[in-house]
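Enquirer:
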Amino acid sequence: KAHGYICQGCGFNFAEKYGEIGKDFIEAHHLVPISLFEAQVVKLDPKLDFAVLCSNCHRMIHKTEKPDDVKAFKNIINSKRPKE
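Written out as structure tokens, the structure reads:
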């Protein structure tokens, strides 16, 4: 809820596409990879430690060199969109 339900990468809205079943659906992306936490107990802040992404963007951001940089990822997406 902290970031809403619209993908911060591409702007996809599950509710607009899928109607009622898509309402209040989005994936949470850890800005610090879980693998770095090891066995530590870590308290995460939903506003600071997560981004919200659609399923496709969530998978694709993990293929980038900097999966913590949502702004750079969004720039990649925008550079691939056709110019109007």
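In this note's numbering, the protein residues as written are 407 to 490.
For each residue, glycine too, the CB sits at the ideal point set by N, CA and C.
Bear in mind that the values here come from a model prediction, so they are computed numbers and not experimental data.
1. How long is the line joining the alpha carbons of alanine 408 and glutamate 444, rounded to whole angstroms?
2. For valine 438, which of helix, strand or coil comes out of DSSP?
3. What residues in its chain sit with their C-beta under 6 Å from that of aspartate 455, if we drop five residues either side in the sequence?
4. Would you say histidine 526 and leucine 459 are within 7 Å of each other, going by their C-beta atoms?
5. Taking just the CA atoms, how far does arginine 487 sit from lysine 469?
6. If I measure Cβ to Cβ from cysteine 416 and keep anything under 6 Å in the same chain, skipping five residues before and after, which residues do I get?
7. When we look at the beta-carbon of glutamine 414 and count the other beta-carbons within 10 Å, is it buried (16 or more) or exposed?
8. Could I get the ranges of all uninterrupted beta strand (DSSP E) runs contained in the segment 420-485, with 3 residues as the minimum, in chain order?
Expert: Reading it off the structure:
1. 25 Å
2. coil
3. Leu437
4. This structure cannot settle anything about residue 526, because the visible part of the chain is limited to 407 through 490.
5. 19 Å
6. Once the five neighbours on either side are set aside, the close Cβ partners of cysteine 416 are Cys463, Ile483.
7. buried
8. For the beta strand (DSSP E) assignment, the uninterrupted runs of no fewer than 3 residues enclosed by the segment 420-485 are, from N- to C-terminal side, 433-436, 456-459.
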